[in-house]
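Novice: Sending over a structure as structure tokens; questions will come in a sec.
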Amino acid sequence: MIEISTDKNRLQLEMIHQFLTTAYWAKGRTLNEVKKTIDYSFCFGGYLKDKQVGFARVVTDYTVFAYVMDVFILPEYRGKGYAKKLMDAINKEPELQSCKVWLLKTSDAHELYKQFGYSNLKHSEKVMERILK
Numbered sequence: 000m001i002e003i004s005t006d007k008n009r010l011q012l013e014m015i016h017q018f019l020t021t022a023y024w025a026k027g028r029t030l031n032e033v034k035k036t037i038d039y040s041f042c043f044g045g046y047l048k049d050k051q052v053g054f055a056r057v058v059t060d061y062t063v064f065a066y067v068m069d070v071f072i073l074p075e076y077r078g079k080g081y082a083k084k085l086m087d088a089i090n091k092e093p094e095l096q097s098c099k100v101w102l103l104k105t106s107d108a109h110e111l112y113k114q115f116g117y118s119n120l121k122h123s124e125k126v127m128e129r130i131l132k
């Protein structure tokens with residue numbers, strides 16, 4: 000079964016970057032940008048023995064707010080419940096238990112996240128965004 004770790008020293012930066020450059024939400028992100036996002040996030044790696052097969056990060060203040068980002072399992076390892084195990088570890092992480100507001104964005108994994116209590120915004124009129132390209 001997959002092992003989930005929050006040890007940043009185990010993260011395989013090149014693999015994470017290679018995957019993200021093909022992901023619809025992160026196309027064009029440079030290796031340096033990926034490194035910086037890891038440096039400033041609470042990260043989760045998914046491992047089979049010493050091979051990293053999954054990743055997620057949480058941008059958080061560790062008190063009120065947590066934003067789940069860059070969640071993935073490598074394509075050849077999907078369909079084995081690893082994404083569920085990764086999300087379960089994130090939701091149960093002791094350092095994040097005081098966070099009351101959790102957000103994420105997805106275009107294709109709604110059913111996965113619904114299993115962990117995520118839903119469409121109930122008051123979308125209260126949420127604003129500023130996207131710079």
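The sequence shown begins at 0 in numbering that gives the first Met the number 0 and counts up one residue at a time. Glycine included, C-beta positions come from ideal geometry on N, C-alpha and C. These figures come from a predicted structure and were not determined experimentally.
Assuming residue 81 contacts residue 52 (C-beta within less than 8 Å), just tell me the rounded distance between them.
Specialist: Translated into the one-based positions of the sequence shown, residue 81 becomes position 82. Translated into the one-based positions of the sequence shown, residue 52 becomes position 53. Between residue 52 and residue 81 the Cβ distance is about 7 Å, and since that is below 8 Å, they are a contact.
Novice: Going by beta-carbon coordinates alone, are residue 44 and residue 10 separated by less than 8 Å?
Specialist: Walking along the sequence shown from the start, residue 44 turns up at place 45. Walking along the sequence shown from the start, residue 10 turns up at place 11. Yes, Cβ-Cβ distance for residue 44 and residue 10 is below 8 Å.
Novice: When DSSP builds the beta bridges, which residues end up paired with residue 53?
Specialist: The residue labelled residue 53 in the question sits at position 54 within the sequence shown. According to DSSP, residue 53 bridges with 45 and 72.
Novice: Sort out for me which residues DSSP pairs residue 136 with in a bridge.
Specialist: A query on residue 136 cannot be resolved here, the shown segment of the chain reaching from 0 to 132 and no further.
Novice: Identify every residue that forms a DSSP beta bridge with residue 133.
Specialist: Since the first and last residues shown for the chain are 0 and 132, residue 133 lies out of range.
Novice: Taking residue 57 and residue 66 to be in contact with their CB atoms under 8 Å, please state how far apart those CB atoms are, rounded to whole angstroms.
Specialist: What you label residue 57 is simply residue 58 of the sequence shown in a count that begins at 1. What you label residue 66 is simply residue 67 of the sequence shown in a count that begins at 1. Their Cβ separation, rounded to whole angstroms, is 7 Å, which keeps residue 57 and residue 66 in contact under 8 Å.
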